[in-house]
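Engineer: Quick one: this structure, given as structure tokens, is what I'll be asking you about.
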């Protein structure tokens, strides 16, 4: 007994320390899976000993209010959620609810378990009068000014009675990605980004994160005009609250499991983090009858998915060379399994990222895998230990041995002449279909030209002769003639294809098209400043900085001038007028039956529309193919029209037939 109590005391201390770091400081020090393991051990010991220590996290909900915020006492208590992590545990929960209800085959409803921060809103006479975090479930932090910056938090609603609504504040993954493209200090993950913004004393910081919120529960209301969970959600929706786009239903384990598997399949495609499924008894009167434990409602449970966060060892860091000459750090970690996928590598951004995360070779790190194939290292886990080695940036290029040059936050190999991997990659990109479309110039041929013909940059291609090409292995006169013809044909090109071929960092084909349409000529783009570039809808500070930086480097200007002097003629691109899609923004997502993504986006442009890379309220419609992901989900949540390829082509052809 004494040993058990001693262990419980240690567990309580550790869990409270880590809960404080997670809830109050928004700086997790262990993974969710590790926390759950410690918590389950404590619960087991409490059951065995019949003792619950003062301060045990099993007694309370969440964290305490932060100093600097005013306290707010909730009108109705905010409850935590009991959890199950297997179908066997779910069976046991179903049996308990049926026993409490006094009948079998209860009607259950299932929703996403959002991974964000609880938000509790109070409305009086239709006006938003208070907003608060959950805190300890009874008292939270008043964050009204911050909540007012969230576009999915209604400032005024039709319902005029006293109302208290609970939801989850999140940051969409697409929003996080866009924010990090412009940010001086990228945010670690969507959950921390939302929590840090909502708890920031400066509402301007909250507003800059473009947070979102989904609402799922009513805590206080007079004479509720609903009797079931779907009716409650409809009431919320009618009053302007955003609710989960998914609502499953079932009776019994088999039907619930079907919904759980459906959400598991959706999870990688969602535009927000979820860490499980919330299962609720649907009848609100029955909920009141079933009541609550000291901490949980008896009528609801969270089925938690395996954690997406794990702690592992950072073994070493290598520096990977890209076609621009930039060296990017790549972390090699002790193998760890995410949903059966073994991960051995994780991303790091640059030296500044390594310094901010305070990591070293040999240290323990926690990594998160959201929708990306390669997870990201989020930071150090635990204190520094013996055997750690600082991560030292290379002095020379690992491919060619040339000195490395620091430009801003990044390292570059400036040896454009004899660093083969980057030179071959640049040449093959220049010749690719979406760029200059030089048929017959594969990466293998680019390598042959580098090794045997002295081709080091794209302009060198236009000086090749029949005799030189025929000397290459696998080349005879016909193949050589075809390549020379393709090179000559490529000299007359669209400006957007030319801009894409230059390999400007962060400038894909769509951005290249937007730049070509906006600036008209290469000279105008070369002279454009940061302010002119960021005035474009989809160009942020980082992309604009990459463009101005590219045209500021002498070696890039020399290369472009050589191409022009050799007869390459980028033609201005003008947006067609009067087409079937004039003035409309269209998003293409998924794999279409017959059209490639580029072909579909080109059709949008040819018919006067704009092909956008992300869904927003300005999107006219989405063309969705097979395996459409988060863009489809977002379109559905915003009520934007979704059509297939056949309908897309029909609309364009109908306009053509009528003209």
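In the numbering used here, the protein residues as written are 689 to 1347. Yeah, the Cβ is synthetic: ideal placement off N, Cα and C, and Gly gets one too.
Residue ranges of each beta strand (DSSP E) run of no fewer than 3 residues wholly in the segment 1274 to 1335, ordered along the chain?
Structural biologist: 1298 to 1300, 1307 to 1312, 1329 to 1331
Engineer: Which of the three DSSP states is assigned to residue 1059 in this structure?
Structural biologist: Looking up residue 1059 in the chain shown gives position 371. In this prediction, residue 1059 scores a pLDDT of 44, lower than 50, which makes its location untrustworthy; no coordinate-derived value is stated.
Engineer: Given a cut-off of 8 Å, decide if residue 1115 and residue 1005 are closer than it, judged by their beta-carbon atoms.
Structural biologist: Here residue 1005 refers to the residue found at position 317 of the chain shown. Here residue 1115 refers to the residue found at position 427 of the chain shown. Against a cut-off of 8 Å, the Cβ pair of residue 1115 and residue 1005 comes out as no contact.
Engineer: Within this structure, are the beta carbons of residue 959 and residue 1321 separated by less than 8 Å?
Structural biologist: On the chain shown, position 271 is the one that residue 959 refers to. On the chain shown, position 633 is the one that residue 1321 refers to. Yes; because the gap between Cβ atoms is below 8 Å, this pair is in contact.
Engineer: What residues are listed by DSSP as bridge partners for residue 902?
Structural biologist: Reading the chain shown from its first residue, position 214 is the one you call residue 902. Paired residue(s): 856.
Engineer: Would you give the residue range spanned by the alpha helix (DSSP H) that residue 934 belongs to?
Structural biologist: By one-based count along the chain shown, residue 934 stands at place 246. Segment: none, residue 934 is in no alpha helix (DSSP H) and carries neither H nor E.
Engineer: Would you mind working out which of 1077, 908, 1024, 1063 sits nearest residue 1036, comparing C-alpha positions?
Structural biologist: For this step, residue 1036 is matched to residue 348 along the chain shown. For residue 1036, the nearest C-alpha among the options comes from 1063.
Engineer: Could you tell me which uninterrupted alpha helix (DSSP H) segments, each at least 4 residues in length, are contained entirely in the segment 938 to 1025, listed from first to last along the chain?
Structural biologist: 941 to 954, 972 to 978
Engineer: Any idea if residue 1015 is buried or exposed, counting beta-carbon neighbours within 10 angstroms, 16 or more meaning buried?
Structural biologist: Within the chain shown, the letter at position 327 stands for residue 1015. The residue in question, residue 1015, is buried, as its Cβ has 16 or more Cβ neighbours within 10 Å.
Engineer: Alpha carbon to alpha carbon, how far is residue 1314 from residue 1291? Give it in angstroms, no decimals.
Structural biologist: Residue 1291 sits at position 603 when you count from the first residue of the chain shown. Residue 1314 sits at position 626 when you count from the first residue of the chain shown. Each residue's alpha carbon lies about 19 Å from the other.
Engineer: Restricting to Cα atoms, I'd like to know which of 1230, 1238, 1249, 795 is closest to residue 870.
Structural biologist: As a working note, residue 870 is residue 182 in the chain shown. The option with the nearest alpha carbon to residue 870 is 1230.
Engineer: If contacts are defined as beta-carbon pairs under 8 Å, then residue 906 and residue 934 qualify, I think. What distance do you get, rounded to the angstrom?
Structural biologist: Numbered from its first residue, the chain shown carries residue 906 at position 218. Numbered from its first residue, the chain shown carries residue 934 at position 246. So it is not a contact: roughly 19 Å between Cβ atoms.
Engineer: Just reading off the alpha helix (DSSP H) that residue 1114 is part of, what are its end residues?
Structural biologist: By one-based count along the chain shown, residue 1114 stands at place 426. For residue 1114, the enclosing alpha helix (DSSP H) has its first and last residue at 1108 to 1119.
Engineer: Find out if the Cβ-Cβ distance for the pair residue 1188, residue 1113 is shorter than 8 Å.
Structural biologist: Position 500 of the chain shown, counting from 1, holds the residue named residue 1188. Position 425 of the chain shown, counting from 1, holds the residue named residue 1113. Between residue 1188 and residue 1113, the gap from beta carbon to beta carbon reaches 8 Å or more.
Engineer: How would you write the range of the beta strand (DSSP E) that residue 1081 sits in, first residue to last?
Structural biologist: Position 393 of the chain shown, counted from the start, is the residue given in the question as residue 1081. No beta strand (DSSP E) contains residue 1081, which DSSP labels as neither H nor E.
Engineer: If residue 1339 and residue 1293 are in contact, beta carbons under 8 Å, what's the gap, nearest whole angstrom?
Structural biologist: Residue mapping note: residue 1339 aligns to position 651 of the chain shown, counting from 1. Residue mapping note: residue 1293 aligns to position 605 of the chain shown, counting from 1. The pair is not a contact, with the Cβ atoms about 15 Å apart (cut-off 8 Å).
Engineer: Following the continuous alpha helix (DSSP H) through residue 1065, name the residue where it begins and the one where it ends.
Structural biologist: Counted from its first residue, the chain shown places residue 1065 at position 377. Careful: residue 1065 lies outside any alpha helix (DSSP H), inside the beta strand (DSSP E) at 1064 to 1068.
Engineer: Report yes or no: is there a C-beta of chain C within less than 8 Å of the C-beta of residue 1239?
Structural biologist: In the structure shown, chain C does not exist; there is a single protein chain.
Engineer: Taking buried to mean at least 16 other C-beta atoms within 10 Å of its own C-beta, is residue 804 buried or exposed?
Structural biologist: On the chain shown, residue 804 is found 116 positions in, with the first residue counted as 1. Around the beta-carbon of residue 804, 16 or more other beta-carbon atoms lie within 10 Å, marking it buried.
Engineer: Please classify residue 1298 as buried or exposed, where buried requires at least 16 other C-beta atoms within 10 Å of its C-beta.
Structural biologist: Locating residue 1298 in the chain shown gives position 610, counting from the first residue. Buried, because 16 or more other Cβ atoms sit within 10 Å of the Cβ of residue 1298.
Engineer: Can you look up residue 1100 in the DSSP assignment and give me helix, strand or coil?
Structural biologist: For the purposes of this step, residue 1100 is taken as the residue at position 412 of the chain shown. Residue 1100 falls in the strand class under three-state DSSP.
Engineer: DSSP three-state call for residue 760: helix, strand or coil?
Structural biologist: Taking the first residue of the chain shown as position 1, residue 760 is located at position 72. Three-state DSSP puts residue 760 in a strand.
Engineer: Here's a check: name, in chain order, each residue in its chain whose Cβ is nearer than 6 Å to the Cβ of residue 1100, leaving out the five neighbours to either side.
Structural biologist: Translated into positions along the chain shown, residue 1100 becomes position 412. Excluding residues within five positions, the ones whose Cβ falls inside 6 Å are 1013, 1014, 1093.
Engineer: Name the residue from 947, 859, 739 whose alpha carbon lies nearest to the alpha carbon of residue 798.
Structural biologist: On the chain shown, position 110 is the one that residue 798 refers to. Measuring from the Cα of residue 798, the nearest candidate turns out to be 947.
Engineer: Can you name, in chain order, every residue of its own chain whose Cβ lies under 6 Å from the Cβ of residue 1261, other than the five neighbours on each side?
Structural biologist: If you number the chain shown from 1, residue 1261 lands on position 573. Here the set comprises 1182, 1183, 1184, 1204, 1205.
Engineer: The alpha helix (DSSP H) that contains residue 810, what's its start and end?
Structural biologist: Within the chain shown, residue 810 is the residue found at index 122, counting from 1. Taken as a continuous stretch (DSSP letters only), residue 810 belongs to no alpha helix (DSSP H), being part of the beta strand (DSSP E) at 805 to 812.
Engineer: How many Å lie between residue 1065 and residue 1327 at the Cα?
Structural biologist: Here residue 1065 refers to the residue found at position 377 of the chain shown. Here residue 1327 refers to the residue found at position 639 of the chain shown. Between residue 1065 and residue 1327, the C-alpha separation is close to 35 Å.
Engineer: Using the Cα positions of residue 694 and residue 777, report the straight-line distance between them to the nearest angstrom.
Structural biologist: Taking the first residue of the chain shown as position 1, residue 694 is located at position 6. Taking the first residue of the chain shown as position 1, residue 777 is located at position 89. Using only the alpha carbons, I get a separation of about 29 Å.
Engineer: In chain order, what residues of the same chain lie with their CB nearer than 7 Å to the CB of residue 894, ignoring the 5 residues before and after it?
Structural biologist: Sequence index remark: in the chain shown, residue 894 carries index 206 (1-based). Hits under 7 Å: 834, 837, 885, 886, 888.
Engineer: Mapping the DSSP letters down to three states, classify residue 820 as helix, strand or coil.
Structural biologist: Taking the chain shown and counting its residues from 1, the one referred to as residue 820 is at position 132. Strand.
Engineer: For residue 802, list the residues DSSP reports as bridge partners.
Structural biologist: Stepping through the chain shown from its first residue, residue 802 is reached at position 114. Paired residue(s): 962.
Engineer: From the DSSP output, in three-state form, read off residue 1049 for me.
Structural biologist: Translated into the one-based positions of the chain shown, residue 1049 becomes position 361. Strand at residue 1049.
Engineer: Measuring CB to CB, does residue 1303 end up less than 8 Å from residue 1311?
Structural biologist: As a position in the chain shown, residue 1303 is number 615, starting the count at 1. As a position in the chain shown, residue 1311 is number 623, starting the count at 1. Cβ atoms of residue 1303 and residue 1311: not closer than 8 Å.
Engineer: Counting pairs of Cβ atoms below 8 Å between the segment 1161 to 1168 and the segment 982 to 994, do you hit three or more?
Structural biologist: no
Engineer: Per DSSP, which one or two residues make a beta bridge with residue 828?
Structural biologist: The sequence position of residue 828 within the chain shown is 140, counting from 1. Answer is 760, bridged to residue 828.
Engineer: Excluding five sequence neighbours on each side, which residues of the same chain lie with their C-beta closer than 6 Å to the C-beta of residue 1247?
Structural biologist: Numbered from its first residue, the chain shown carries residue 1247 at position 559. Counting only Cβ-Cβ distances below 6 Å, and skipping sequence neighbours, we find 1145.
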